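Report on one structure; see the data block that follows.
Residue numbers (the UniProt record's numbering): 1 to 93.
In structure tokens:
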């Protein structure tokens with residue numbers, strides 16, 4: 001379990017420290033989700049419970065990943081790159 005906590009903290013550090021590209025942010029979020037899946041699988045395995053919950057979580061994660069990739073492609077087509085500074089003009093309403 002220590003490895004799960006350490007990996008999750010490392011992915012949080014990457015998410016908070018490297019904020020130049022949207023692709024890196026999305027990849028660090030996906031790393032967090034995969035570590036959470038790993039933790040759910042370990043906990044369910046230790047308790048001897050069925051893995052149906054982890055498969056449900058994984059299917060929702062795949063849908064969210066596809067949505068994030070679609071939004072990233074859309075941002076790159078509209079703005080030309082995935083830098084945060086060029087996209088931040090969207091939020092200045």
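Positions of the beta carbon are idealized from the N, C-alpha and C atoms, including for glycine.
Given the structure is predicted, the values throughout are model-derived calculations rather than measurements.
query, result
"On the DSSP letters alone, give me the boundaries of the alpha helix (DSSP H) that residue 48 sits inside.", "Segment: none, residue 48 is in no alpha helix (DSSP H) and carries neither H nor E."
"Going straight from the alpha carbon of residue 67 to that of residue 51, what length do you get?", "25 Å"
"Thinking just about the alpha-carbon of each residue, which of 32, 14, 17, 23 is nearest to the one in residue 73?", "23"
"Decide yes or no for the touch test of the region 7-15 against the region 32-48: beta carbon pairs closer than 8 Å, at least 3 of them.", "yes"
"Mark residue 28 as exposed unless 16 or more other C-beta atoms lie within 10 angstroms of its C-beta, in which case mark it buried.", "buried"
"Can you tell me the Cβ-Cβ gap for residue 59 and residue 41, rounded? I've got them flagged as a contact below 8 Å.", "Contact flag wrong, Cβ pair sits at about 14 Å."
"How about residue 125 and residue 48: do their beta carbons lie closer than 9 Å?", "What the structure shows of the chain is the stretch from 1 to 93, and residue 125 is not part of that stretch, so it cannot be assessed."
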